[in-house]
Amino acid sequence: MKKLTLISVPITVALLAYTSYLALIVAPTEQTMGDVQRIFYYHVPSGWVAGLCFFINFVASALYLWKRSPASDALAAASAEVGVVFCAVLLITGPLWARPVWGIWWTWDARLTTTLVLWLIYVSYLVLRRFAAGGQTQVLAAAFAIFGFADVPIVYMSIRWFRTQHPSPVMGGGENSGLAPAMLHVFLINLVAFTVLGILFVWLRYQLQMQEQALESAHAQLALKGVSR
Amino acid sequence: MSTLGVTGASLVKDLRMEWRSKDAINSMLFFSLLVVVIFSFAFNPTAEESRRIAGGLIWVAFLFAAVVALNQTWARELRNQVLDAYRVSPAPPNALFLAKTVGNFLFVVVLEILMAPLFVVFYELRSVGPVWQLLVVALLGTWALVVNGTFFAGLSIRTRNREIMLPLLLFPITIPALLAMVDATTSVLTGEASPDFWIKLLAVYDIVFTALCLLLFESVLNAE
């Protein structure tokens, strides 16, 4: 296990260095937006990793409620934390790009607002984990995770209706925006690199969480022994 | 005792306690009265403006007021270990949850009935659209607030900072419901749009989250 971690960290760093070189130097400059478009190679993969993490969180939480295995709770905690970080990157890079291109930092558009609400929901998930007492944390957090995940499609529906008059974001990479082949190539490699990075973070955080759990139960055992003596 | 029997008994107990103490309703009433007065000073709207902002104002006031009552829902059961006694009894957990939810629903509906005339007087409200639609929105919206609120109040009494935890959990999840309530109310008051979509959305929200609450409440109640 430890060997795998030791190997995967330098590989991921090298991969990220390579994709950064591709995104910042090799990829052609976009005609109308100029260099600011390059943020796209970080923005979209971050969003993808955040979505992936929240999905893992949901599956792990449901699994925990069903089987009550400590490992799935550790996975849920790890993926929620990493998801919030990538979602924050998404929310920060978005306005950085929007300001020169749209002329505004923020608009209450369906995608933007849904992402913000998503971020809020998972931050409150983390707050709940932090403040729940002792052994109840896992069940309470898992229950809340189910609520949060169920809420996301409803949020998206409601806000899309609420803001129909707004233009949808001019995001590349969709079906009709037609990314140039050279850009698509760089984008896909970045997507892979970010996915690897996200999985690595979740993996490291998961192991840390498992160690914390082991430490806690060891403390509890020790205390029990003290009482019986 | 059947599920309905336990629900009824528990609900009657809660209603009797509330009737004698009037804790929840008094604090909610005074709280939402304060919100109405403060908003009026803060925005100082004309009759036309207030018709536009009233939807948001009414529901934000009720949301905040409901949190005051919801926080007291379970706190009362912690005294003398009533909740633990309930846990070891063979009574179905969902019966307790339903009783608490229906109780809170009734409290908030009473609050809304008492506060509605005040809103009309202070903000010179006159509905352009049909008033019965407001009734539907109020009932569906109140249920949406209360069903999740009761559940999350049950979550947050298990945490270290009980009273602050409830809004932190409830507000993010409630955003779509709040948006639906506000927009439906504004649509009816101004008569400019149809509230049909928002009423449907509220109904879907109510069904989804009532089902989730009933599915998960037993796990939360028995969390160790």
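These protein sequence lines are chains A and B, in that order. Under this note's numbering, the first residue of the first sequence is numbered 1, with each subsequent residue one higher. Under this note's numbering, the first residue of the second sequence is numbered 1001, with each subsequent residue one higher. Glycine included, each C-beta is placed from N, C-alpha and C at the ideal position.
- If you ignore the 5 residues before and after B:V1036, its C-beta comes within less than 7 Å of the C-beta of A1061, L1118, F1119, F1122, all in its own chain and listed in chain order.
- A:L118 and A:G226 have their C-alpha atoms roughly 45 Å apart.
- Put simply, the CB of B:R1158 is near chain A, with a gap under 8 Å to one of its CB atoms.
- A:A80 has a beta carbon lying at 8 Å or more from every beta carbon in chain B.
- Taking the Cβ atoms as the reference, B:E1124 lies roughly 17 Å from B:A1042, outside the contact range of under 8 Å.
- Shortest Cα-Cα distance from B:W1143 to any of B:L1168, B:L1178, B:V1131, B:R1160 involves B:L1178.
- Under DSSP, B:T1150 takes part in no beta bridge, so it has no partner.
- In this structure A:I39 touches A:W97 by the C-beta definition: roughly 5 Å separates them, less than 8 Å.
- Under the 8 Å Cβ criterion, the region 59-75 of chain A counts as touching the region 136-143 of chain A, having at least three qualifying pairs.
- Nearest Cα to A:V127 within the set B:S1156, B:Q1072, B:K1100, B:I1038: B:S1156.
- DSSP lists no beta-bridge partner residue for A:G198.
- Contacts with chain B at 8 Å (Cβ-Cβ) include A:L128.
- Residues D35 of the same chain have their beta carbon placed closer than 7 Å to that of A:T29, with the five preceding and five following residues left out of the count.
- When the five nearest sequence neighbours on each side are left out, the beta carbons in the same chain lying within less than 7 Å of the beta carbon of A:A74 are those of Y206, Q209, M210, Q213, in order along the chain.
- The beta carbon of A:V49 sits closer than 7 Å to the beta carbons of F86, F194, T195, G198 from its chain, once the five residues preceding and following it are set aside; these are given in chain order.
- Counting every other CB atom within 10 Å of its CB across the protein chains shown gives B:E1077 a total of 16 or more, marking it as buried.
- Counting of Cβ neighbours within 10 angstroms places B:E1112 among the buried residues, the total reaching 16 or more.
- Looking at the DSSP output, B:T1159 sits in a beta bridge with A:A132.
- Between B:L1070 and B:N1104, the C-beta gap is smaller than 8 Å, which places the two residues in contact.
- Runs of the beta strand (DSSP E) lying entirely within the region 70-129 of chain A and spanning at least 3 residues: none are present.
- Residues of chain B with a Cβ closer than 8 Å to the Cβ of A:A71 do not exist, since the nearest Cβ in that chain sits about 18 Å away.
- Chain-order list of chain B residues neighbouring A:V155: I1175, P1176, by C-beta distance under 8 Å.
- For B:M1181, not one C-beta of chain A is nearer than 8 Å to its own C-beta.
- Any Cβ of chain A closer than 8 Å to the Cβ of B:A1184 would place that residue at the interface, and such an atom is absent.
- The region 3-23 of chain A makes no contact with the region 106-116 of chain A: fewer than 3 CB pairs, one atom from each, lie closer than 8 Å.
- Counting the other Cβ atoms within 10 Å of the Cβ of B:L1215 gives fewer than 16, which makes it exposed.
- The C-beta of A:G148 comes closer than 8 Å to at least one C-beta of chain B.
- Just so you know, the alpha carbons of B:G1149 and A:L116 end up roughly 22 Å apart.
- Residue state for A:G34 is assigned as strand, using DSSP reduced to three classes.
- Chain-order list of chain B residues neighbouring A:A132: R1158, T1159, by C-beta distance under 7 Å.
- If only uninterrupted alpha helix (DSSP H) runs of at least 4 residues are considered, those enclosed by the region 1072-1132 of chain B are 1082-1088, 1093-1123.
- Contact between A:F131 and B:T1159 holds: their C-beta atoms lie close to 4 Å from each other, under 8 Å.
- In this structure B:L1166 is not in contact with B:V1108, their Cβ atoms being roughly 15 Å apart against a cut-off of 8 Å.
- A:D109 is outside the set of residues whose beta carbon lies under 8 Å from a beta carbon in chain B.
- A distance below 8 Å separates the beta carbons of B:W1059 and B:G1141.
- Annotated as proximal: B:V1147 and B:F1209, with beta-carbon spacing under 8 Å.
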